[in-house]
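Taking my numbering, the leading residue of the sequence shown gets 184, the next gets one more, and so forth. C-beta: ideal position from N, C-alpha, C; glycine also. What follows is one structure encoded as C-alpha cells, with my remarks underneath.
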Amino acid sequence: MANYDVIVVGGGNAAFCAALAATEAGAKVVVLEAASEDESGGNSRFTAGAMRVVYNGVDDIKTLVPDLSQQEIDTTDFGTYTQDQFYDDMARVTQYRTDPNLCELLVTRSFDTLNWMRQKGIRFVPIYGRQAFKIEGKFKFWGGLTIESVGGGPGLVDMLTAAAKKNGIEVRYETRATDLVMDGGRVVGVKIRENGKLSELMGKSVVLACGGFEANTEWRTRYLGPGWDLAKVRGSRFNTGEGIRMALAIGASPYGNWSGCHAVGWEMNAPEFGDLAVGDQFQKHSYPFAIMVNATGKRFVDEGADFRNYTYAKYGRVILEQPGQFAWQIFDQKVKHLQRDEYNIRQITKVTAGTIEELAAKLDGVNADAFVKEIAAYNKAVKQDIAFNPNIKDGRKTEGLAINKSNWANTIDKPPYEGYAVTCGVTFTFGGLRITNEGQVVNLDYNPIPGLYAAGELVGGIFYFNYPGGTGLTSGSVFGRIAGGSAGRAARG
Ligand SMILES: Cc1cc2nc3c(=O)[nH]c(=O)nc-3n(C[C@H](O)[C@H](O)[C@H](O)COP(=O)(O)OP(=O)(O)OC[C@H]3O[C@@H](n4cnc5c(N)ncnc54)[C@H](O)[C@@H]3O)c2cc1C
Numbered sequence: 184m185a186n187y188d189v190i191v192v193g194g195g196n197a198a199f200c201a202a203l204a205a206t207e208a209g210a211k212v213v214v215l216e217a218a219s220e221d222e223s224g225g226n227s228r229f230t231a232g233a234m235r236v237v238y239n240g241v242d243d244i245k246t247l248v249p250d251l252s253q254q255e256i257d258t259t260d261f262g263t264y265t266q267d268q269f270y271d272d273m274a275r276v277t278q279y280r281t282d283p284n285l286c287e288l289l290v291t292r293s294f295d296t297l298n299w300m301r302q303k304g305i306r307f308v309p310i311y312g313r314q315a316f317k318i319e320g321k322f323k324f325w326g327g328l329t330i331e332s333v334g335g336g337p338g339l340v341d342m343l344t345a346a347a348k349k350n351g352i353e354v355r356y357e358t359r360a361t362d363l364v365m366d367g368g369r370v371v372g373v374k375i376r377e378n379g380k381l382s383e384l385m386g387k388s389v390v391l392a393c394g395g396f397e398a399n400t401e402w403r404t405r406y407l408g409p410g411w412d413l414a415k416v417r418g419s420r421f422n423t424g425e426g427i428r429m430a431l432a433i434g435a436s437p438y439g440n441w442s443g444c445h446a447v448g449w450e451m452n453a454p455e456f457g458d459l460a461v462g463d464q465f466q467k468h469s470y471p472f473a474i475m476v477n478a479t480g481k482r483f484v485d486e487g488a489d490f491r492n493y494t495y496a497k498y499g500r501v502i503l504e505q506p507g508q509f510a511w512q513i514f515d516q517k518v519k520h521l522q523r524d525e526y527n528i529r530q531i532t533k534v535t536a537g538t539i540e541e542l543a544a545k546l547d548g549v550n551a552d553a554f555v556k557e558i559a560a561y562n563k564a565v566k567q568d569i570a571f572n573p574n575i576k577d578g579r580k581t582e583g584l585a586i587n588k589s590n591w592a593n594t595i596d597k598p599p600y601e602g603y604a605v606t607c608g609v610t611f612t613f614g615g616l617r618i619t620n621e622g623q624v625v626n627l628d629y630n631p632i633p634g635l636y637a638a639g640e641l642v643g644g645i646f647y648f649n650y651p652g653g654t655g656l657t658s659g660s661v662f663g664r665i666a667g668g669s670a671g672r673a674a675r676g
C-alpha cells in the first residue's frame, strides 16, 4: 500500500521543481530532505540564484520580470540570448560532448520553465551587479546570463518551499533516503533514516534529486582522481552521491563525465564545506581583469581566454594542479573598481603593498624573485594600442609570453597592489545517471526502470569538462519539472 504517489528525494531546486510538477499532475507528493530545515536546500541555497535562460529581447525579460521599471529598460542593453547562442555555448564549453537530446531539452525548455516557476511564485530580477558593467550611462549585459532569483539562492529555496507548502506538498527534514525498495523490477518506495530511526516509505514513483558526489572525499578521489580529496567543497555537505549509489545498486546505467566536475578559484582558507553565512562569496571571480601566479612566481593559465562565465568552472582544476594547490590573484588600482563584491568580505586572505617588490615578499609560498621578473615581463608584453573594454572580448592581449593573456590585459603598475590567495573549490560533479527524455532512469539495457526518475546534479551526460555559468539551476528546473511531471502522471495513471 503506497503512502504517497510520488516520493522526491532531495530538497534543492531540482527536487522542488519535480515536486511542484508532480502535484500539478494530481499526485500526492512528499519531499525527503536529509538536512535539517536550517541547512536544507542543498547547493541551490548556496548559489547567487543566477539562471541561464533563452530570451529574444527585452520583452521576454519583461515576461520573467514583470515589475521591470521604465528607467531600467531605458538604461539597459539586455541584448538577446537566443536558442542558437545557448546551443553554441553548451557545445563549445563541453567540447561537443553534451548529449544532444538532453541539451535540446535544456535549451528549448529554459524560458518556458522559468515562466512556469514564476507562475508558482518564484520571482526574478536582472543581475545588474555581476553580469553588466555600466559604460557611458548604459548597462550592457554580457555572457548570456541576465536573470537571478530574488534573494539569490536562499531566496530561491525559500520561495520554492513556500510554493510547495501552498500546493500541499509535505516536506520531511532530517530524513535521509538510504536505498530504493523494489517489487520485482519496479521501484515502489525508499528506505529512510528519519531522526535516527529506520523505516520504509512506499510510493508509486520515486524522483531522485539529491545531488552529485562532490561532498564525498572518497568518491571524489576515486572518480575525479588523485588530489581531489584536497579540494574544498563550495556548497552542501549532504551531496555525497547517495542517489547515484542507490540507483546503480538496482542496475541503473551510469552516464556522462564521471571524471569531470565544476570547480572554481576559492578562498584559500575557506572551511571544508560551504558556510551559509558566506554563501558563494568565497569565490574570487574577477581574475579575467587580473593575473594569477603559482608558487613558482609564474602565470600558469590564460586568465582572459573568455568571459568569466566560460572559464571559471574549469579553472578550479587548473589551480588544484599547481604546486601546493594554490594561486595568488594580482590586481592594481586600474582594475580595482571591476572587482566583484566578493572581494570585500572579511573572511579573505589578502595582502596589499606599495611596490611590486614589497608585494612579492608578502605573497606566502611564492618565489619572490621570480614573481618580480614575471610582472616585468608581463607588463612589457601588454598590447597597449588596443582599447580596454570589460564588456566585450576586447582582444587587448599580451604577445610573446609562454602563456599569453588573450583579453583584458593591463599593465600592473598603479599601486597599491593587491594579492588574493585562492585554492580549488569543487561545486558539483558531472557524472551521474542516464535518463530518457521523460526523465526516467534507464537500466544497463537502456530500458526505463519502472517507477524511477531523476533530475538535477545527479543526471549525467549534460556537462563535460566545463560549464556555462548559471546552467546548473536551469538544468535542475527543466529536468525537475520533466521528471516530476512524468512521475506524477505515471503514478496517477
Ligand atoms: C557556492 C555555489 C554557487 C553556485 N552558484 C550557482 C548559480 O549562481 N547558478 C547556477 O545555476 N548554479 C550555481 N551553482 C550550482 C547549483 O547549485 C547546482 O547546479 C544546483 O543547485 C543543483 O540543484 P540540485 O537540486 O540538483 O541539487 P541541490 O540543490 O544540491 O539539492 C540536493 C539535495 O539533496 C539532499 N540530499 C542529499 N542526499 C540525500 C539523501 N540521501 N536523502 C535525502 N536528501 C538528500 C541535500 O541535502 C540537498 O537538499 C552553485 C553552486 C555552489 C556550491
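Check	Outcome
Counterpart residues of L215 in DSSP-defined beta bridges	V192, R355
At least three beta-carbon pairs within less than 8 Å, the stretch 454-463 to the stretch 536-553	no
Range covered by the beta strand (DSSP E) that runs through Y561	Careful: Y561 lies outside any beta strand (DSSP E), inside the alpha helix (DSSP H) at 551-564.
heavy atom of ligand 1 below 7 Å from F269 C-beta	no
Rounded separation between N587 and D485 - CA only	6 Å
Nearest-angstrom Cα separation, counted from G537 out to A233	37 Å
Nonlocal neighbours in the same chain, by C-beta distance under 8 Å from G320, ignoring five residues either side	T258
With 16 other Cβ atoms within 10 Å as the buried cut-off, status of E220	exposed
CB contact flag (V624, A592, <8 Å)	no
Residue from G643, A488, N422, K374 with nearest C-alpha to S658	G643
Whole runs of the beta strand (DSSP E) within the stretch 274-314, excluding any shorter than 3 residues	307-309
Identity of the residues DSSP links to H445 by a beta bridge	F611
8 Å Cβ cutoff met for G634 and A204	no
Among P651, T263, I531, K303, the one whose alpha carbon lies nearest that of Y493	P651
Residues of its chain near N350, where Cβ-Cβ distance is below 7 Å and the 5 sequence neighbours each way are ignored	L203, T206
Three-pair Cβ contact test at 8 Å for the stretch 345-365 versus the stretch 248-256	no
Any non-hydrogen atom of ligand 1 within 7 Å of V476 CB	no
Pair within 8 Å by beta-carbon distance, V236 and F294	yes
Neighbour-count burial assignment, S382, 16 or more Cβ in a 10 Å radius	exposed
Bridge partner(s) assigned by DSSP for P631	V625
The stretch 417-434 / the stretch 472-483 touching (three or more Cβ pairs under 8 Å)	no
A674 to V389 span [Cα, whole Å]	10 Å
Candidates H520, V461, D243: closest to I528 by CA position	V461
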